[in-house]
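With our numbering applied, the sequence shown corresponds to residues 2 to 144, in that order. We put the beta carbon where it would ideally sit given N, CA and C, even for glycine. Note that the structure is predicted; figures quoted are calculated from it, not measured.
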Amino acid sequence: MPYRLNPSYANQFYHIYNRGNNRENIFFESRNYLYFLQRLLEIFNNKIDLIAYCLMPNHYHLTVIPLNDGEIEKAMQKISTGYTRAINKSLNRTGHLFSGRYKSKLIPDDNYLIHLVRYIHLNPVRAGLVDRLEDWEFSSYRE
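Listed below in structure tokens is the structure:
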């Protein structure tokens, strides 16, 4: 049976995440992180509020609020496809970059939201990439 996405609904919090194919990197240098974030903000503009994010070498986490029903599906398809094309072109590679479609989970309550944002921001520390949250450049922690 084909994989079906759960539809997104307006004004609800969602956790969106994905990782690299075979758990390989999806970001290879600083400009890749910056490009992904720039595209994310452009595509989300006036459609999805970005609450928290962390971009890690081989995966990403986002906390978002879509302003209209179905916005997450449209936006993430554009982001995933466009970013994969850009990386494949710049690295002279082909094939999948991500391990399938992004995952999206409705955040059920404020307590879960608080723990999720903490979890997202702690990712680089727990992975041993930095000692302090504020030292990871590709996170919303400092915002």
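Return the first residue and the last residue of the beta strand (DSSP E) that residue i is part of.
i, result
"Ser105", "Lys104 to Leu107"
"Tyr15", "Tyr15 to Arg20"
"Tyr61", "His60 to Pro67"
"Asp110", "Run containing Asp110: none; DSSP gives neither H nor E here."
"Ala53", "Ile49 to Met57"
Taking the C-alpha atoms as reference points, what is the distance between residue i and residue j?
i, j, result
"Glu30", "Pro58", "9 Å"
"Arg40", "Thr85", "12 Å"
"Ile88", "Phe139", "17 Å"
"Lys90", "Glu144", "31 Å"
Output needed for residue i: all residues of its chain with C-beta closer than 8 Å, excluding positions within five of it in sequence on either side, in chain order.
i, result
"Pro8", "Asp70, Gly71 and Glu74"
"Thr95", "Asn89"
What residue range is occupied by the uninterrupted alpha helix (DSSP H) comprising residue i?
i, result
"Asp132", "Taken as a continuous stretch (DSSP letters only), Asp132 belongs to no alpha helix (DSSP H), as it is neither H nor E."
"Arg32", "Ser31 to Phe45"
Return the chain-ordered list of same chain residues with a C-beta closer than 7 Å to the C-beta of residue i, the five sequence neighbours on each side being excluded.
i, result
"Asn22", "His97, Leu98, Phe99 and Ser100"
Using only CA atoms, which one of the options lies nearest to residue i?
i, options, result
"His16", "Arg127, Arg133, Glu144 and Tyr113", "Tyr113"
"Thr82", "Arg102, Pro67, Asn93 and Arg24", "Arg102"
Cβ contact (3+ pairs, closer than 8 Å) linking the stretch 46-64 and the stretch 103-120: yes
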